[in-house]
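**Student:**
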Amino acid sequence: MKNLLRFFFLSIIACLILLSQTKPGIEVLAESNFQLLQGKRVGLITNPTGITSNYISTVDILAKANGFNLVALFGPEHGVRGDVTAGGKVDNFIDTATGLPVYSLYGKTRKATPEMLKGIDVLVYDIQDIGSRSYTFINTMALAMEAAAENNIEFIVLDRPNPLNGNRVEGNVLDLKFKSFVGQYPIPYVYGMTCGELAELLNNEGWLEDKKKCKLTVIKMENWKRWMHWDNTKLPWVPTSPHIPNSQTALFYSAIGMLGELETINIGVGYTMPFQLVGQEWINGAQLAEVLNTKKLPGVIFRPLSFKPYYGKQIGKQLSGVQIHITDNAKVNLTNIQVHVIEALIKLYPDKNPFIIADSDRNGMFDKVAGTDDVRKKLSDGSAASTIIASWQNNVTEFMKVRKKYLLYD
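Sequential numbering from 592 applies to the sequence shown in our numbering.
#1: With residue 632 as the anchor, note down where its beta strand (DSSP E) starts and where it stops.
#2: Can you list, in chain order, the residues of its chain with a C-beta nearer than 7 Å to that of residue 980? Leave out the 5 residues immediately preceding and following it.
#3: Please report the distance separating the alpha-carbon of residue 836 from that of residue 871.
#4: Within a Cβ cutoff of 8 Å, which residues of the same chain sit near residue 940, ignoring the five residues on either side of it in sequence?
#5: Determine the burial state of residue 849: buried for a count of at least 16 other Cβ atoms within 10 Å of its Cβ, exposed for fewer.
#6: Once DSSP output is grouped into helix, strand and coil, what is the label at residue 916?
#7: Since residue 1005 and residue 796 are thought to touch, with beta carbons under 8 Å apart, how far apart are those beta carbons, to the nearest angstrom?
#8: Using the Cα positions of residue 616 and residue 656, report the straight-line distance between them to the nearest angstrom.
#9: Grab me the residues of residue 694's own chain with a C-beta within less than 6 Å of its C-beta, minus the 5 sequence neighbours each way, in chain order.
#10: What does DSSP give as the partner residues of residue 862 in its beta bridges?
#11: Check residue 701 in the structure and name its three-state DSSP category.
#12: To the nearest angstrom, how far is it from the Cα of residue 620 to the Cα of residue 731?
#13: Any idea what DSSP makes of residue 894, helix, strand or coil?
#14: Starting from residue 809, trace the beta strand (DSSP E) in both directions and tell me its first and last residue.
#15: In this structure, what does DSSP give as the bridge partners for residue 871?
#16: Taking buried to mean at least 16 other C-beta atoms within 10 Å of its own C-beta, is residue 790 buried or exposed?
#17: Can you round the beta-carbon distance between residue 653 and residue 635 to whole angstroms, since I take them to be within the 8 Å contact cut?
#18: Output the distance between the C-alpha atoms of residue 971 and residue 713, rounded to the nearest integer angstrom.
#19: To the nearest angstrom, how far is it from the Cα of residue 998 to the Cα of residue 879?
#20: For residue 959 and residue 935, what's the separation of their Cα atoms in angstroms?
#21: Just reading off the alpha helix (DSSP H) that residue 957 is part of, what are its end residues?
#22: Here's the rule: buried if 16 or more other CB atoms are within 10 angstroms of the residue's CB, otherwise exposed. What is residue 951?
#23: Give the DSSP-derived three-state secondary structure of residue 979 in the structure shown.
#24: Measure the C-alpha to C-alpha separation of residue 1003 and residue 631 and round it to an integer number of angstroms.
#25: Within the present structure, is the beta-carbon of residue 808 separated from the nearest heavy atom of the ligand MG by less than 8 Å?
#26: How long is the line joining the alpha carbons of residue 820 and residue 756, rounded to whole angstroms?
#27: Helix, strand or coil for residue 618? Go by DSSP, reduced to three states.
#28: Closer than 8 Å is the cut-off here; do at least three beta carbon pairs connect the stretch 710-727 with the stretch 829-844?
#29: Does the distance from the CB of residue 963 to the CB of residue 769 come in under 9 Å?
#30: For residue 948, name the three-state secondary structure that DSSP assigns.
#31: May I ask you to verify whether the stretch 981-992 touches the stretch 795-809, counting CB pairs closer than 8 Å and requiring at least 3?
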């Protein structure tokens, strides 16, 4: 009887969680009457994803609130208003809606200078991320934390969900020899943390430059659990960048984004399904699908298709390949998919090895995103994808011990 009551009680709790909307950090901060900001001059690092569940911009909320002054905005890759393409440099300008200066953190400088921070008491970070190491927003956050430490400025992270969920940890730990703006820290490719949790890790493990430590506060979300996928949060999705139009695309980015860096295979960017396709003029889609499906990778099916990109290097060309279908979000290992895809391509089309036909600078970019040159070299030498993937486990196990200390949610 006791077990039955316990099961009933836990079931009610689970139902309540499913029916509740996740409350992002900005809403929690607003409900406190912006207590941490009172009497201060505030700088805000954000982009269009910084919104409430009612679609109100964090910029507008802070600009109109009383008791403190929003004095400057800071833009990451794609800009504060999200109007810059991937890799495009962001310029400084005056925001017409608020009259505030907007400083670029993805242009000539990626770390706020003392001049940019002059007169600011606290930096607030509010950006939705997608849970992949190579997505640049977390590196913007880390550099801003360093700048805050160097200039004796408080740093507040308004936390948001990890759309991949908070339990998914995949891929290799970055080798610091390949440190870059698409991977600065020794974390796995999919690291299973919110931005707030990662900020705590970076700050307290001494991973910031010169082991600097900022005065960090994370405004936690409410009604978020680690197992949640984006749909469970009931929050609106705003494109985090032009090619991440919905939360599902965030999954596919981690599944095939590395391969796209080579620019030898089309991954759906330029077509209607970014990061969901693998195609090229010389690929036989049915053949590639058969080889990949024979592997019986958990939670994923590969379907042959043909398509013509609408823009990009292969505009108007008839490409053949496969569409990646995630059939079980809980079982699929996203990062492993691209390793198996590249292995299959090399075996089927050895004269079209995507590393050999790529420009050297694209191979270098692949290595930066992969966080190592080991993946490229071993695949080119004929190593099995499964062997490469297995070699990552020891470092991931060590990371998990560190990660555990900074988890803010159950």
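Just so it is clear, CB atoms sit at the ideal spot from N, CA and C, and this is done for glycine as well.
**Tutor:** Result, derived from the coordinates:
#1: Translated into the one-based positions of the sequence shown, residue 632 becomes position 41. 632-637 is the extent of the beta strand (DSSP E) around residue 632.
#2: One-based indexing of the sequence shown puts residue 980 at position 389. If we look at residue 980 and ignore the five residues flanking it on each side, its Cβ neighbours are 927, 930.
#3: Reading the sequence shown from its first residue, position 245 is the one you call residue 836. Reading the sequence shown from its first residue, position 280 is the one you call residue 871. Distance between the alpha carbons of residue 836 and residue 871: 23 Å.
#4: The residue labelled residue 940 in the question sits at position 349 within the sequence shown. 873, 874, listed in sequence order.
#5: Here residue 849 is taken as the residue at index 258 of the sequence shown, counted from 1. Under this definition residue 849 is a buried residue.
#6: Stepping through the sequence shown from its first residue, residue 916 is reached at position 325. Reduced to three states, the DSSP call for residue 916 is strand.
#7: Absent from the model: residue 1005. The displayed extent of the chain is 592 to 1001, so no value can be given.
#8: By one-based count along the sequence shown, residue 616 stands at place 25. By one-based count along the sequence shown, residue 656 stands at place 65. If I take the Cα positions, the gap works out to 16 Å.
#9: What you label residue 694 is simply residue 103 of the sequence shown in a count that begins at 1. Only 665, 683, 707 meet the Cβ criterion.
#10: One-based indexing of the sequence shown puts residue 862 at position 271. According to DSSP, which records beta bridges pairwise, residue 862 is partnered with 860.
#11: On the sequence shown, residue 701 is found 110 positions in, with the first residue counted as 1. The answer is coil: DSSP assigns residue 701 none of H, G, I, E or B.
#12: Start at 1 with the first residue of the sequence shown, and residue 620 comes out as number 29. Start at 1 with the first residue of the sequence shown, and residue 731 comes out as number 140. Approximately 22 Å, taken between the alpha carbons.
#13: As a position in the sequence shown, residue 894 is number 303, starting the count at 1. Three-state DSSP puts residue 894 in a strand.
#14: Working through the sequence shown from its first residue, we reach residue 809 at position 218. From DSSP, the beta strand (DSSP E) with residue 809 extends over 806-810.
#15: Taking the first residue of the sequence shown as 1, we reach residue 871 at position 280. Partner(s): 911.
#16: Taking the first residue of the sequence shown as position 1, residue 790 is located at position 199. Buried, since its Cβ has 16 or more Cβ neighbours within 10 Å.
#17: Position 62 of the sequence shown, counted from the start, is the residue given in the question as residue 653. Position 44 of the sequence shown, counted from the start, is the residue given in the question as residue 635. Residue 653 to residue 635, Cβ: 6 Å. Contact.
#18: In the sequence shown, residue 971 corresponds to position 380, counting from 1. In the sequence shown, residue 713 corresponds to position 122, counting from 1. Straight-line Cα distance between these residues: approximately 49 Å.
#19: Here residue 998 refers to the residue found at position 407 of the sequence shown. Here residue 879 refers to the residue found at position 288 of the sequence shown. Roughly 40 Å between the two C-alpha positions.
#20: Here residue 959 refers to the residue found at position 368 of the sequence shown. Here residue 935 refers to the residue found at position 344 of the sequence shown. For residue 959 and residue 935, the distance between alpha carbons rounds to 22 Å.
#21: The residue you call residue 957 lines up with position 366 of the sequence shown. Unbroken alpha helix (DSSP H) run through residue 957: 951-961.
#22: Indexing the sequence shown from 1 puts residue 951 at position 360. That one is exposed.
#23: Residue mapping note: residue 979 aligns to position 388 of the sequence shown, counting from 1. Three-state DSSP puts residue 979 in a helix.
#24: Any answer about residue 1003 is impossible in this case: the structure gives the chain only from 592 up to 1001.
#25: In terms of ligand content, the structure shown is empty, and the ligand MG therefore cannot be addressed.
#26: Counting from 1 along the sequence shown, the entry for residue 820 is found at position 229. Counting from 1 along the sequence shown, the entry for residue 756 is found at position 165. Approximately 5 Å, taken between the alpha carbons.
#27: The residue you call residue 618 lines up with position 27 of the sequence shown. Looking at residue 618 - three-state DSSP - the assignment turns out to be helix.
#28: yes
#29: The residue labelled residue 963 in the question sits at position 372 within the sequence shown. The residue labelled residue 769 in the question sits at position 178 within the sequence shown. Going by C-beta atoms, residue 963 is nearer than 9 Å to residue 769.
#30: Taking the first residue of the sequence shown as 1, we reach residue 948 at position 357. It is coil, neither helix nor strand.
#31: no
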